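Take a look at the structure below.
Numbering (the numbering used here), first residue to last: 141 to 441.
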C-alpha cells in the first residue's frame with residue numbers, strides 16, 4: 141500500500157513538472173508590447189469588456205505571483221475578499237479563452253517576496269512593458285518610474301458623458317426631431333441632443349436642462365428640456381389681506397364658557413332656566429348669540 145501511494149505521488153509530481161515546463165518563463169515580445177496585469181484589475185473584472193471590444197492589441201501578461209496572490213486571498217481572506225478573489229481567478233480563465241487577444245502566464249514564482257507591486261514594476265522595467273492597474277498608489281509609483289500605465293478607471297472617466305442629468309447648457313437648435321415637437325442640437329463633441337417641446341426654437345440658441353442620456357451602438361444621445369424664463373424669476377409672495385381679525389376666533393372667545401364643560405353648573409343657572417322668558421329675548425339673535433346659546437344648552441345637558 142505504501143509503495144502504491146509513493147508511485148501515485150511520483151506520477152502527480154511528474155505531471156506537474158511537465159505542465160510547469162510548458163509555461164513560458166520568457167515573454168514573446170514579437171506579438172507586441174507586454175502589458176502586465178495587476179491583481180486589482182482581475183478582481184475588478186472590467187478588463188473583460190475592454191478585451192472583447194478589441195482595443196487591446198498587445199499581449200496581456202499575468203505573472204504567476206499575481207495568480208498566487210489571488211489564490212492566497214481565496215483561501216485565507218474573509219468572506220467578501222474570498223469571493224472577489226475567486227472572481228479574479230474566473231476572469232483569468234475567461235481571458236485565456238478569448239481568441240482575439242493573446243494571454244500569457246509568466247512563471248516568475250508563486251510568491252513575490254518583495255511584494256506583487258514591486259514585482260510588477262521590476263518586470264515592466266525589465267521587458268519594456270506597461271502595467272494595467274486600477275490601484276491608485278501603484279499608478280503613481282509607476283508614473284514616477286516612467287512606466288506606462290493603463291488605468292481602467294481613467295478609461296471609464298474619459299468615456300463617460302460630458303454632461304449629467306440636471307446640468308444646464310445653451311446650445312443651438314438646428315433641425316426638427318423625430319416627433320413634431322422636438323428640436324435637435326449638437327454638443328461640441330458631436331453628441332446629439334434632443335430637446336422636448338422646442339420646435340418653435342429651431343434656428344435659435346436656447347438654454348436646456350439635460351434629462352437623461354442614452355448610449356447606443358451608433359453613439360451617445362442625450363435628451364433635454366427647455367429652461368423657461370418663468371423658472372428663473374422667483375415668484376413674489378402675494379400680500380396677505382386683513383385676515384388677522386378672524387371672526388371665528390371672536391366667536392370662540394365669546395362662546396367659550398367660563399367654566400370647564402365637564403363641571404356641573406351651579407343651581408342658580410338651573411333657576412334661571414326655569415324663569416319665564418323675557419319678551420325682549422324674542423328679538424332676532426345674531427349668529428354669535430345663537431352659537432353661544434347652543435353651546436350653553438349642550439353644556440347644561
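Glycine is no exception: its CB is placed at the ideal position from the N, C-alpha and C atoms. The structure displayed is predicted, hence computed values, not measured ones.
Query raised in the report: CB-CB under 7 Å to residue 393, same chain, minus the five flanking residues each way: which ones, in chain order?
Result: In this prediction, residue 393 has a pLDDT of 46, which is less than 50 and means its spatial position is unreliable; nothing more can be read from the coordinates.
Requested in this report: Tell me where the alpha helix (DSSP H) around residue 229 begins and ends.
Outcome: 219 to 237
Query raised in the report: Applying the criterion that 16 or more other CB atoms from any shown protein chain within 10 Å of the CB defines a buried residue, is residue 275 buried or exposed?
Result: buried
Requested in this report: May I ask you to list the residues that DSSP assigns as paired with residue 326?
Outcome: 332
Query raised in the report: Does DSSP put residue 274 in a helix, a strand or coil?
Result: coil
Query raised in the report: Taking just the CA atoms, how far does residue 242 sit from residue 212?
Result: 26 Å
Query raised in the report: Taking three-plus beta-carbon pairs below 8 Å as touching, is the region 231 to 239 in contact with the region 250 to 263?
Result: no
Query - Euclidean distance between Cα positions of residue 152 and residue 181 - result: 33 Å
Query raised in the report: Quick one: what's got a C-beta closer than 7 Å to residue 351's C-beta in the same chain, skipping five residues either side?
Result: 305, 363, 364, 365
Report task. State whether the region 281 to 295 contacts the region 257 to 264, with contact taken as three or more CB pairs (one from each stretch) at a distance under 8 Å. Result -> yes
Query raised in the report: Can you tell which of 336, 279, 354 has the C-alpha that lies nearest to the C-alpha of residue 318?
Result: 336
Query raised in the report: For the region 289 to 322, which segments carrying the alpha helix (DSSP H) assignment without a break, of at least 4 residues, lie completely within its bounds, in sequence order?
Result: 292 to 299
Query raised in the report: Which residues share a DSSP beta bridge with residue 352?
Result: 363
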